[in-house]
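*Asks:*
2 protein chains.
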Amino acid sequence: MVRISILYPNTPGSRFDFDYYMHTHMPRSIELLGAHPGFRGVSVEKGVLGGAPDAPPAYAAMCHFTFESAEDFMAAFMPHAPELQGDIARYTDVAPLIQINQIMLVR
Amino acid sequence: MVRISILYPNTPGSRFDFDYYMHTHMPRSIELLGAHPGFRGVSVEKGVLGGAPDAPPAYAAMCHFTFESAEDFMAAFMPHAPELQGDIARYTDVAPLIQINQIMLVR
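For the protein sequence lines, the chains are A and B, in the order given.
The numbering used here puts the first residue of the first sequence at 1, with every later residue one more than the last.
The numbering used here puts the first residue of the second sequence at 1001, with every later residue one more than the last.
1) Output needed in chain order: residues of the stretch 73–100 of chain A with a Cβ under 8 Å from some Cβ in chain B.
2) When you compare only the Cα positions, how much space is there between B:LEU1033 and B:ILE1004?
3) On the criterion of 16 or more Cβ atoms from any shown chain inside 10 Å, does A:SER43 qualify as buried, or is it exposed?
4) If you draw a straight line from the alpha carbon of A:ASP87 to that of B:ASP1019, how long is it in whole angstroms?
5) Of all the options B:PRO1037, B:HIS1023, B:ARG1090, B:PRO1096, which has the alpha carbon lying nearest to the alpha carbon of A:GLY51?
6) Here's a check: name, in chain order, each residue in its chain whose Cβ is nearer than 7 Å to the Cβ of B:GLU1068, leaving out the five neighbours to either side.
7) CB A:ASN10 to CB A:TYR59, shorter than 8 Å?
8) At a Cβ threshold of 8 Å, is B:PRO1037 touching chain A?
9) At a CB-CB cut-off below 7 Å, which residues of chain B make contact with A:LEU32?
10) May I ask which residues mark the beginning and end of the beta strand (DSSP E) holding B:ILE1030?
11) Which whole runs of the alpha helix (DSSP H) in the stretch 39–91 of chain A are 4 residues long or more, in chain order?
12) Checking contacts by CB at 8 Å: is B:GLY1047 closer than that to chain A?
13) In this structure, what does DSSP give as the bridge partners for B:VAL1106?
14) I believe A:TYR91 touches A:HIS23 by the beta-carbon criterion, under 8 Å. Please report the beta-carbon distance rounded to the nearest angstrom.
15) So, for A:MET62: in the same chain, excluding its five sequence neighbours on each side, which residues have a beta-carbon less than 6 Å away from its beta-carbon?
16) According to the Cβ coordinates, are A:ASP72 and A:SER14 closer than 8 Å?
17) Alpha carbon to alpha carbon, how far is B:GLY1047 from B:PRO1012? Give it in angstroms, no decimals.
18) Between A:PRO27, A:ASP17, A:ALA35, which lies nearest to A:PRO79 when the distance is taken from Cα to Cα?
19) So which residues on chain B does A:ALA58 lean against when the C-beta distance must stay under 7 Å?
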């Protein structure tokens, strides 16, 4: 199982419209990617605090998609990449950091 | 519900001993933090690929603890902070990026 993490840097002065993200972008993403048989789940988190006392979070938002394999994710995502990536500018002006992870442990 | 994310930067030349992390550090962390009634779960992921083709992952490893509240996490963690933080140098020479997130959506 793999987890695709999409992290939005909390760059000072940057914009992140959580309302649009939660009510328009994510429902559409889940509709499109969740239709693939390799889809296993998704979570969205809002950054609240950094590690040091009173430090801002490094990321404004994190989104984690779980898929059976990286190939399944790519097969689910690629047909919809233009629409989903084209939507990013509607809710943020930062470029997300994306990485593919192997899930090693879940409790 | 909150998620505490601990991200280990994949700095070029840095060290990350996944064997020690998975077989010594994480079992002990789960033993100590999982005993708190506010503990809801944990996952560990190993970075495989970055977002661009053939790009290395930004993070060598990610660990996400789920707790009922940030207060519960702090109550669970603080008594064991010296032991758990003191163990980090045994598996890596990078400083983890830590942030506390509010969970907005889980599917």
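Ideal Cβ placement from N, Cα and C applies to all residues, glycine included.
*Replies:* According to the structure data:
1) PRO96, LEU97, ILE98, GLN99, ILE100
2) 12 Å
3) buried
4) 40 Å
5) Checking every option, the nearest Cα to that of A:GLY51 belongs to B:PRO1096.
6) MET1001, GLY1038, ARG1040
7) yes
8) No, B:PRO1037 lies away from the interface with chain A (no Cβ there is under 8 Å from its Cβ).
9) Within 7 Å Cβ-Cβ: nothing; A:LEU32 doesn't reach chain B, min ~13 Å.
10) No beta strand (DSSP E) holds B:ILE1030; the alpha helix (DSSP H) holding it covers 1026–1033.
11) 70–77, 81–87
12) yes
13) A:SER43
14) No, A:TYR91 and A:HIS23 are not in contact; Cβ-Cβ is about 10 Å, not under 8 Å.
15) LEU7, GLU45
16) no
17) Answer to the nearest angstrom: the Cα atoms are 14 Å apart.
18) A:ALA35
19) LEU1097, GLN1099
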